[in-house]
Amino acid sequence: MATVKMAEANASSSSIATTALGKASLSKEMIMLLCIPIAVMGLIGNGIVICLFCYRHKNSRFFLYFQNIAFANIIVLIDVFVVFQRTYFHTVIKPFVVHLVEMLQTLGYNTRFYILTAVCVERCLIIFSRAWNKRYRPQHMAIMVCGTLWSLSCLTSVVDNLACSTDFITTYEQFAIDCKTASLISIIVDLAIFLPVTILSTFAILIRTQTQQVPSASLDVTIEAIVILYLLTDTPVRITHNIIYWFQEIDVFLLITITQLLDSINCAVNPLILVIVGYWKKTPEEPFSLLLEKALEAEENMAPRTEADEEPA
0 MATVKMAEAN
10 ASSSSIATTA
20 LGKASLSKEM
30 IMLLCIPIAV
40 MGLIGNGIVI
50 CLFCYRHKNS
60 RFFLYFQNIA
70 FANIIVLIDV
80 FVVFQRTYFH
90 TVIKPFVVHL
100 VEMLQTLGYN
110 TRFYILTAVC
120 VERCLIIFSR
130 AWNKRYRPQH
140 MAIMVCGTLW
150 SLSCLTSVVD
160 NLACSTDFIT
170 TYEQFAIDCK
180 TASLISIIVD
190 LAIFLPVTIL
200 STFAILIRTQ
210 TQQVPSASLD
220 VTIEAIVILY
230 LLTDTPVRIT
240 HNIIYWFQEI
250 DVFLLITITQ
260 LLDSINCAVN
270 PLILVIVGYW
280 KKTPEEPFSL
290 LLEKALEAEE
300 NMAPRTEADE
310 EPA
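Residue numbers (numbering that gives the first Met the number 0): 0 to 312.
Below, the structure is given as structure tokens:
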């Protein structure tokens, strides 16, 4: 009788575990299903932003920065569709393609954050040091900065994906050591350098605009809104991804699913912020093609526009 009861108890426990696992799997599939319409909106929005930036590319030095952010968003969204295919339809994809897409996702994911930091820092320098803006700012600085940050992001992406790739690791101990090392590098670069610089620069811009007796520049509003978006959707995932190798109890597959959702929201809302701010500043007589130019205007808190301000990069 005791054996029967024990067997029944084990069967009951197994049934409960199976049910819980099934519910967890279903919830992940539902989250991925929710990602797709958001990701499609993000793909369309960022595509429109890139086209409009190409059309109006000579009006602001900041255009190139935001054009690169939009391009990085599209790269991130490619991974969302690939993960959806694997999760929802259980599509078999070659390991090489999976690794390549994951590496590209990390590339776009880091690049958009690094370039946003560059935008915040340069805007801060322009506001607080007009002498630097007029005399010392290198010509085509945006091109050099974007190229450098894409290269840095490519390096961190390769290190992160190769260090944690099972194709090059034979033991779990080596896997843990290599992944923790790569994670430590990401913590230093992302959380100890870029994140504090972004927050402090944005905070300085906010304080400066609040203390002036003129309306905030469109560019300042755009930067502040996008930084808030990143703090809500990007920073929590970035922190969790960097500490996951120290806490084994974290559900990796659930984290991946939530990451896809937050990435989709970030990519979809990013161009929407530009459109909303541009529409808010645009007069009824001005065409739709000026929305992005209006969203990146920096004239309210600065001296009249000079030839340097007209530089595309």
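Where is the CB? At the ideal position from N, CA and C, for every residue including glycine. A quick note: this is a predicted structure, and the numbers were derived from the prediction, not measured.
- For residue 156, the uninterrupted alpha helix (DSSP H) run begins and ends at 140 to 162, by DSSP.
- Residue 91 carries a coil assignment under DSSP once its states are collapsed to helix, strand and coil.
- In the structure shown, residue 282 falls within a coil segment according to DSSP collapsed to helix, strand and coil.
- Pairing residue 274 with residue 254 gives a Cβ-Cβ distance that is not under 7 Å.
- Of the other Cβ atoms in all chains shown, 16 or more fall within 10 Å of the Cβ of residue 149; this residue is therefore buried.
- Approximately 5 Å separates the beta-carbon atoms of residue 119 and residue 201; this is inside 8 Å, confirming the contact.
- With the rule of 3 Cβ pairs closer than 8 Å, the region 29 to 41 does not count as touching the region 58 to 69.
- Within its own chain, the residues whose Cβ lies closer than 6 Å to the Cβ of residue 124, once the five positions on either side in sequence are excluded, are 131, listed in chain order.
- By the neighbour-count criterion, in which a residue is buried when 16 or more other Cβ atoms sit within 10 angstroms of its Cβ, residue 250 is exposed.
- With the rule of 3 Cβ pairs closer than 8 Å, the region 62 to 77 counts as touching the region 264 to 281.
- At the C-beta level, residue 185 and residue 106 stay beyond 7 Å of one another.
- For residue 141 and residue 295, the gap between their C-alpha atoms comes out near 15 Å.
- Its Cα nearest to that of residue 265, the residue 233 stands out among 181, 233, 277.
- Short of 6 Å from the beta carbon of residue 243, and not among the five residues preceding or following it, lie these beta carbons of its own chain, in chain order: 249.
- Spanning the alpha carbons of residue 241 and residue 72 requires a straight line of approximately 21 Å.
- Proximity of the region 101 to 115 to the region 73 to 91 meets the contact definition, three or more beta-carbon pairs being nearer than 8 Å.
- Comparing C-alpha distances from residue 83 to each of 278, 158, 263 shows the shortest one belongs to 263.
- Going by C-alpha positions, residue 91 is about 7 Å away from residue 85.
- Counting every other CB atom within 10 Å of its CB across the protein chains shown gives residue 99 a total below 16, marking it as exposed.
- Only exposed fits residue 50, as fewer than 16 other CB atoms lie within 10 angstroms of its CB.
- Residue range 217 to 232 is occupied by the alpha helix (DSSP H) that includes residue 229.
- Taking 7 Å as the cut-off, the Cβ atoms of residue 189 and residue 237 count as close.
- For residue 196, the enclosing alpha helix (DSSP H) starts and ends at 194 to 210.
- A straight-line Cα-Cα distance of about 11 Å links residue 252 and residue 31.
- With respect to the 7 Å criterion, residue 34 and residue 260 are classified as neighbours on the basis of their beta carbons.
- Close CB contacts of residue 45 within its chain, under the 8 Å cut and outside five residues either way in sequence, are with 69, 70, 72, 73, 76, 266, 269, 270 (chain order).
- In the three-state DSSP reduction, residue 36 falls in the helix class (H, G or I).
- In the same chain as residue 193, and ignoring 5 residues on each side of it, the C-beta atoms closer than 8 Å to its own belong to 112, 113, 116, in chain order.
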